[in-house]
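Below is one structure, written out as structure tokens; comments come after it.
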Amino acid sequence: MKKIDVQVVLIACSLLWVGVSSGQRTEKPVLHGQNWVAITGKPLAATAGALVFAKGGNAVDAACAMLGAVCTMYDVLSWGGETQALIYNPKTKKVLGLNALGVAPAAATAEFYKAKGFEYPPADGVLSAVTPGTPGGLLTMLAEFGTMSLEEVLEPALRMAEGYPMDKETGDRIEKDKDKIKQWPYSRAVLLPHPGEAREAPHPGELFRQPDLLDTLKKLIDA
1217 MKKIDVQVVL IACSLLWVGV SSGQRTEKPV LHGQNWVAIT GKPLAATAGA LVFAKGGNAV
1277 DAACAMLGAV CTMYDVLSWG GETQALIYNP KTKKVLGLNA LGVAPAAATA EFYKAKGFEY
1337 PPADGVLSAV TPGTPGGLLT MLAEFGTMSL EEVLEPALRM AEGYPMDKET GDRIEKDKDK
1397 IKQWPYSRAV LLPHPGEARE APHPGELFRQ PDLLDTLKKL IDA
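Numbering-wise (my numbering), the sequence shown opens with residue 1217 and increments by one.
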């Protein structure tokens, strides 16, 4: 498959806005780059992009690495979400739009939900789920415009799934939503490692591990 040098990639992932507490606000200087810039909402994820650039990857390789890292780190944005991307090709001087949205199951009809007693599909839970769009979007971008292998671009995400220091922003969001999280036994076991304590969510700086996600990503690479 033909590879091209892609200079600019903008990616947006569907998520719920997570506000930053005033105590965590820091001055953010204007960033300048001579050859590339890697920016995400998570510093560790931006580092993933920088590492890929340092290894000779192009903008799509770096974007895929950052997307994988961000999906591994956010509690409200994950591999089960959706992705949109704009990719500029300097050779054709055209912009490609990628819309990697999930689709509802075939049986998720209006009649189905009405029979369950819902006027509208529920906001959360298994009956609100769609087929994840992000994995397919990442694979498509990498196959069409990347230069590196899936294993190479997902290496930072694999390391983060093994364990990364929880940031205060995400930990506080998990703590705030813990009553909802407790409805789901698996989510409770992963996201609330301190049951019964005043703070059940991971503490800032605590190593947060996701072994099942790690296994899933490895299977995605092997496939």
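Glycine included, C-beta positions come from ideal geometry on N, C-alpha and C.
No experiment lies behind these values; they were computed from the predicted model shown.
Using the rule of at least 16 other Cβ atoms within 10 Å of the residue's Cβ for burial, across every protein chain shown, is residue i buried or exposed?
i: residue 1370; result: buried
i: residue 1310; result: exposed
i: residue 1246; result: exposed
i: residue 1427; result: exposed
i: residue 1421; result: exposed
i: residue 1277; result: buried
i: residue 1249; result: exposed
i: residue 1334; result: exposed
i: residue 1362; result: buried
i: residue 1372; result: buried
i: residue 1406; result: buried
Have a look at the DSSP bridge pairing and note the partners of residue i.
i: residue 1305; result: 1310
i: residue 1424; result: 1380
Have a look at the options and flag the residue whose alpha-carbon is nearest the alpha-carbon of residue i.
i: residue 1388; options: 1312, 1428, 1290; result: 1290
i: residue 1425; options: 1366, 1435, 1403; result: 1403
i: residue 1351; options: 1244, 1435, 1251, 1340; result: 1435
i: residue 1321; options: 1344, 1400, 1353; result: 1344
Going along the chain, which residues of its own chain have a beta-carbon closer than 8 Å to the beta-carbon of residue i, five neighbours each way excluded?
i: residue 1416; result: 1391, 1394, 1408, 1409, 1410
i: residue 1398; result: 1404, 1408
i: residue 1286; result: 1229, 1256, 1257, 1258, 1261, 1293
Please tell me whether residue i and residue j are closer than 8 Å, where the distance is taken between their beta carbons.
i: residue 1346; j: residue 1313; result: no
i: residue 1259; j: residue 1296; result: no
i: residue 1364; j: residue 1273; result: yes
i: residue 1262; j: residue 1255; result: yes
i: residue 1381; j: residue 1423; result: yes
CB-CB under 6 Å to residue i, same chain, minus the five flanking residues each way: which ones, in chain order?
i: residue 1315; result: 1300
i: residue 1383; result: none
i: residue 1266; result: 1254
i: residue 1237; result: Unreliable placement is indicated for residue 1237, whose pLDDT of 44 sits below 50; the coordinate value is still reported in the next sentence. Closer than 6 Å at the Cβ level, and outside the excluded window around residue 1237, lies no residue.
i: residue 1268; result: 1277, 1278, 1281
Near residue i, what residues of its chain come up, given a Cβ to Cβ distance below 7 Å and the 5 sequence neighbours on each side ignored?
i: residue 1204; result: What the structure shows of the chain is the stretch from 1217 to 1439, and residue 1204 is not part of that stretch, so it cannot be assessed.
i: residue 1437; result: 1366, 1367, 1370
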